[in-house]
Ligand code: SF4
Ligand code: SF4
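Quick look at the structure:
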């Protein structure tokens, strides 16, 4: 198909090659029709499952209608970048109640900057192929998104052939598992769309639903974010509700259990991006060592990391819960008591809870991790 002297079939093929050269493991192209996604989002919001993430309901219908968000958009270029760092002793860390488990996507540098830069480079390459007088020339450079705009990245990724939405609601690729980031470029070029949508292959499996420590799935394909440890430890700014503290175990920033148990992740590839490799020993540090960081150490050691999002207050809150779930230990009790002197009421309350837990005889954590041996670690 030719338009203004541009061979769109060739351009679509070139975009896939350029994407791979720029470090994306897959690039797909889709139109902007999302079927009943908009209705399903509204139903999910009406149930209140988004908790305090009010922005998910903002922006009218722009989230599911790319041409409302960026007028003139007719295609979405969806990209995948694998992030799982190799050799992080993932399951050993999760199973060791003295260690802090931090979600594998955030052990290194914040992914937003890296992916946005690569998407901008891809947009520039596409833009360079357009004649100077092409309408909207240079606009493409402002249409690259990675969590930076109200974009329904998962439904677009699914439609673009990057995978299917699993029962845990994340996108799974039959050749690459689910440990990846997504990004998008909204384009006004009527590129040929990919017809390679992957069929849903969850079948009878329900491992992710069963393993969830906080029972955050009211039903398959539906997440109650308010019960999810990722939400509770990152988005939630208030206290961690009591009912979730023991199930949290040692997960102090996010949670990966529903991905770690997924059989499709045996096909996951380790990332080649050095930016995503663990920094400051965050892959398997002792809970008490991280809790003992001063605010200055926290700020230094999390510079350029997504962990900065929760601030020192959120960091201490989450770690206090982790320490409350750790086996009774004098070093932990002393660390909790010392920190208690100079913290906010919110942190004090979590420390008091942790001290109570530590004082319980034969204190043991209740956790659902036994089947995680089968995962990718
Ligand atoms: S991330 Fe953890 S808490 Fe959240 S749904 Fe998955 S298993 Fe449950
Ligand atoms: S664990 Fe099973 S049900 Fe859950 S997403 Fe993976 S394949 Fe689907």
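In our numbering, the protein residues as written are 4 to 380. Even for Gly, the Cβ is constructed at its ideal location relative to N, Cα and C. This one's a predicted model, so the numbers in the text were calculated from it and none came from an experiment.
Nearest-angstrom beta carbon gap, residue j and residue i [assumed within contact, 8 angstroms]
i	j	result
residue 33	residue 196	5 angstroms
residue 288	residue 98	That pair is no contact at about 15 angstroms.
residue 25	residue 107	Wrong, their Cβ atoms sit about 22 angstroms apart, outside the cutoff.
residue 78	residue 190	5 angstroms
residue 55	residue 238	7 angstroms
residue 91	residue 104	Residue 91 to residue 104, Cβ: 10 angstroms. No contact.
residue 276	residue 117	7 angstroms
Contacting residues, own chain, Cβ-Cβ under 8 angstroms from residue i (five flanking each side not counted)
i	result
residue 6	192, 193
residue 233	106, 257, 258
residue 70	35, 76, 77
residue 138	191
Residues near residue i in its chain [Cβ-Cβ closer than 6 angstroms; skip 5 each side]
i	result
residue 160	81, 174, 185
residue 280	88, 111
residue 376	Interpretation of residue 376 is limited by its pLDDT of 47, a score under 50 that renders its predicted location unreliable; the figure taken from the coordinates is listed afterwards. Contacts found: none.
residue 321	236, 255
residue 169	175, 205
residue 60	48
residue 363	none
residue 73	146, 189
Contact set for residue i: own chain, Cβ-Cβ below 7 angstroms, skip 5 residues either direction
i	result
residue 274	85, 86, 87, 88
residue 347	316
residue 162	33, 200
residue 368	Because residue 368 sits at a pLDDT of 47, beneath the cut-off of 50, its placement in the model cannot be relied upon, and the point is left open.
residue 41	64, 67
Sufficient close CB pairs (3 or more, under 8 angstroms) joining the stretch 63 to 72 to the stretch 11 to 23: The answer is no - the stretch 11 to 23 does not touch the stretch 63 to 72, with fewer than three Cβ pairs under 8 angstroms.
Contact the stretch 175 to 184 vs the stretch 125 to 144: 3+ CB pairs below 8 angstroms: no
Test item, CB below 6 angstroms from any non-hydrogen atom of ligand 2: If you measure from each CB to the nearest heavy atom of ligand 2, the residues under 6 angstroms come out as 169, 170, 171, 175, 205, 208, 209, 210, 211, 264, 265, 266, 267.
Three CB pairs or more closer than 8 angstroms across the stretch 353 to 360 and the stretch 328 to 344: yes
Minimum length 4: unbroken alpha helix (DSSP H) runs contained in the stretch 302 to 355: 314 to 328, 333 to 343
Beta strand (DSSP E) runs contained entirely in the stretch 15 to 44, provided each spans 3 or more residues: Correct list: 29 to 33.
Any alpha helix (DSSP H) of 4 or more consecutive residues that is wholly inside the stretch 95 to 178: 114 to 131, 156 to 162
Ranges of the beta strand (DSSP E) found wholly within the stretch 44 to 89, counting only runs of at least 3: Fully enclosed beta strand (DSSP E) runs of no fewer than 3 residues occupy 78 to 85 of the stretch 44 to 89, in order along the chain.
Segments assigned alpha helix (DSSP H), at least 4 residues, entirely inside the stretch 233 to 273: 245 to 251, 260 to 263
Contact between the stretch 313 to 328 and the stretch 118 to 138 (3+ Cβ pairs under 8 angstroms): no
Validate contact between the stretch 214 to 229 and the stretch 238 to 254 using beta carbons, cut 8 angstroms, 3 pairs: yes
Stretch-stretch touch, CB-based, cutoff 8 angstroms, three pairs: the stretch 224 to 231 with the stretch 286 to 301: no
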